[in-house]
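One structure below.
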Amino acid sequence: MQAHVPVLLHECLEGLALKPDGIYVDGTLGRAGHAFEIASRLTTGLLVGIDRDAAAIAAAHTRLEPFADRVRLVHGNFRDIGAILERLGLPLVDGMLFDLGVSSPQLDETERGFSYMQDAPLDMRMDQSAALTAYEVVNSWSEAELKRILFAYGEERYAPRIAKAVVANREAAAIETTGQLVDVIKSAMPASALREKGHPAKRSFQAIRIAVNDELGAVEDMLESAVERLKPGGRLAVISFHSLEDRLVKNAISRREKGCTCPRDFPVCVCGFQPTLRAVTRKATQPSDEETEQNPRARSAKLRVAERI
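Start counting the sequence shown at 764; every next residue gets the next number (this note's numbering).
Structure follows, in structure tokens:
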């Protein structure tokens, strides 16, 4: 099993502009790599760690034990960040970090079914108590719906062929494992596509995982609530791993920074727009060559940081 390595760690800590007495949220706790470093820099401050994966919360309890007096852990979904902070009596915080990727332990735990590199039951749930699994998506969703999510969430150009192949194969027998699904995906793709760089099932697995966990909807809800919970000058840092999520984050920041709807030739704003965020950097920050060499899973990561006005 590959050891968990927090992505863009230095850049996240710098982007959050940590204060020893500040209140911070790690909304995607994972195995607490980022959280450990944040907590270690606090004195009288507080870190709230949130994760929808109960196994991550259990592991984080052990990892963060040296900082138990300044950490609160919550099993929950980051889309409910507003309600979670309300329950904790924390109306406003100094910074929030969200790492939207699947954690290394989730990928490495074969039985979770996230990886197309290992044969496992079709699961892909980040929250193991959730009802919807990849098995249900693959075996019960219509061909039209499968084609839609493969296009929309995976940007898979062979979505029609793959959706058709899935439906045809499951009519004979249920597709029960990731290995079976990989074989079906490969069978639907032309030989030229199978020779391309990257695993042929990568985009399809991404699409199904996003659908199972409603990841894009959760990100939209999180962004809406997180901004309202930041103190003036507070920082929002978000790491994404594919273009759909990065686009959501980029557009959310842009709308709150320069969302004026007045025509360009108007001398003054009359639409009433008031900016609430300021992008700290104009472009997304990406890992250095050194980091990607040490941690290949960081290769597609992009970090965007914004400050509450």
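Think of the CB as a built atom: it goes at the ideal place given N, C-alpha and C, for glycine as much as any other residue.
Leaving out the 5 sequence neighbours to the left and right, which residues in its chain are closer than 8 Å to Leu-792 when beta-carbon positions are compared? Ala-798, Gly-812, Ile-813, Asp-814, Ala-819, Ile-820, Ala-823, Leu-836
Less than 8 Å between the CB atoms is what I'm expecting for Arg-1041 and Ile-1002, so what's the real figure, rounded? Not really, about 19 Å apart at Cβ, beyond 8 Å.
Touch test, the stretch 945 to 962 against the stretch 981 to 994, Cβ-Cβ under 8 Å, three pairs minimum: no
Using C-beta distances below 6 Å, list every residue in its chain close to Leu-895, excluding the 5 sequence neighbours before and after it, in chain order. Val-975
Using only the alpha-carbon positions, how far apart do Arg-933 and Ser-905 sit? Approximately 11 Å, taken between the alpha carbons.
Taking Cβ positions, are Val-947 and Val-929 nearer each other than 7 Å? Cβ atoms of Val-947 and Val-929: closer than 7 Å.
Ends of the alpha helix (DSSP H) at Arg-1018? DSSP places Arg-1018 in the uninterrupted alpha helix (DSSP H) bounded by 1006 to 1021.
Using the three-state DSSP reduction, which class does Gly-785 fall into: helix, strand or coil? coil
Quick one: complete alpha helix (DSSP H) runs, 4+ long, within the stretch 829 to 866? Qualifying alpha helix (DSSP H) stretches, in chain order: 844 to 850.
Tell me the DSSP secondary structure of Lys-927 in three-state form. Three-state DSSP puts Lys-927 in a helix.
Is the beta carbon of Glu-774 less than 7 Å from the beta carbon of Thr-1048? Remark: C-beta atoms of Glu-774 and Thr-1048 approach each other more closely than 7 Å.
Spell out the partners DSSP gives Gly-812 in its beta bridges. Asp-789, Leu-836
Given 8 Å, three or more beta-carbon pairs between the stretch 767 to 786 and the stretch 852 to 866: In this structure the stretch 767 to 786 touches the stretch 852 to 866; the number of beta carbon pairs closer than 8 Å is three or more.
Residue burial classification, Val-1012 (beta-carbon count within 10 angstroms, cutoff 16): buried
Secondary structure of Lys-1003, DSSP reduced to three states: The question names Lys, yet the displayed sequence has Ser at residue 1003. DSSP places Ser-1003 in strand when its eight states are reduced to three.
So what's Gly-876 in DSSP terms, helix, strand or just coil? Annotated three-state conformation of Gly-876 is coil, per DSSP.
Sort out for me which residues DSSP pairs Thr-896 with in a bridge. None; Thr-896 has no bridge partner.
Would Phe-877 pass as a contact of Leu-870 if the rule is Cβ separation under 7 Å? yes
Could you say which of Leu-805, Arg-794, Pro-995 lies nearest to Pro-1038 if we only look at CA atoms? Pro-995
Would you kindly work out how many angstroms separate the C-alpha atoms of Leu-776 and Arg-920, rounded to a whole number? The straight-line gap separating the alpha-carbon atoms of Leu-776 and Arg-920 is approximately 38 Å.
In chain order, what residues of the same chain lie with their CB nearer than 7 Å to the CB of Leu-913, ignoring the 5 residues before and after it? Glu-919, Ala-922, Ile-925, Ala-926, Ser-967, Ala-970
Tell me which same chain residues have a C-beta within less than 8 Å of the C-beta of Leu-979, skipping the five on either side of it? Short of 8 Å from the beta carbon of Leu-979, and not among the five residues preceding or following it, lie these beta carbons of its own chain, in chain order: Tyr-916, Ile-973, Leu-1007, Glu-1008, Leu-1011.
Just the Cα atoms here: how many angstroms apart are Arg-826 and Ala-795? 7 Å
Rounded C-alpha distance that separates Ala-951 from Ser-903: 19 Å
May I have the straight-line CA-CA distance separating Thr-940 from Gly-864, to the nearest angstrom? In a straight line, the C-alpha of Thr-940 is about 22 Å away from that of Gly-864.
Provide the residue(s) that pair with Thr-940 in DSSP beta bridges, ordered along the chain. BP columns for Thr-940 point to Pro-884.
Given a threshold of 16 other Cβ atoms within 10 Å of its Cβ, counted over all protein chains shown, does Met-764 qualify as buried or as exposed? Reliability fails at Met-764, whose pLDDT of 38 lies under 50, so the model's placement of it is uncertain and the value that follows must be treated cautiously. Per the 10 Å Cβ criterion, exposed.
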